[in-house]
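**Student:** Numbering-wise (our numbering), the sequence shown opens with residue 158 and increments by one.
Even glycine gets a Cβ: it sits at the ideal position worked out from N, Cα and C.
Treat the numbers as computed from the prediction; the structure is a model and nothing was measured.
Before anything else, here's the structure in question.
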Amino acid sequence: MIMKKQAISFEEWNLLNELFSYYHKLLSDKIKLYLEEFLINNLSYNEIATNYQISKYAAYDQIKKGIEQLKNYEQLLSLNQLSKQRLKLYDQIQDSDLKQALLILEQK
């Protein structure tokens with residue numbers, strides 16, 4: 158199997174990082190570790206494979222599975238989508254104190 162590092166658009170990269178921030182605790186330790194290296198530390202499959210003494214295919218496969226899991230969790234739970242909807246509603250609030258209090262709660 159050919160493993161080209163697929164070009165991920167900036168928007169997709171941001172989405173994956175957002176999903177990772179919401180759902181990382183639901184992932185297995187191994188997938189969480191490899192996804193963190195890939196998404197947060199921006200390591201390539203080859204660098205991950207070298208660092209963890211696994212094959213390049215194993216790194217690719219675990220990351221691919223992790224990305225699929227993140228997308229499935231979002232499809233089921235919609236935490237990221239709901240957060241974005243709440244932030245849009247917060248923008249419509251005129252009372253600045255209330256708006257600030259809600260934004261602080263959102264970050265917790």
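Please state if the CB of K187 and the CB of N203 are separated by a distance shorter than 8 Å.
**Tutor:** no
**Student:** Can you tell me where the alpha helix (DSSP H) holding I279 begins and where it ends?
**Tutor:** Residue numbering for the chain in the displayed model covers 158 to 265; residue 279 lies beyond these limits and cannot be assessed.
**Student:** Considering just the uninterrupted stretch of the alpha helix (DSSP H) at E175, what are its terminal residues?
**Tutor:** 167-180
**Student:** Beta carbon of F195, beta carbon of I211: below 8 Å?
**Tutor:** no
**Student:** List in chain order: all unbroken alpha helix (DSSP H) runs of 4+ residues lying wholly within the segment 194-250.
**Tutor:** 202-209, 213-234, 236-248
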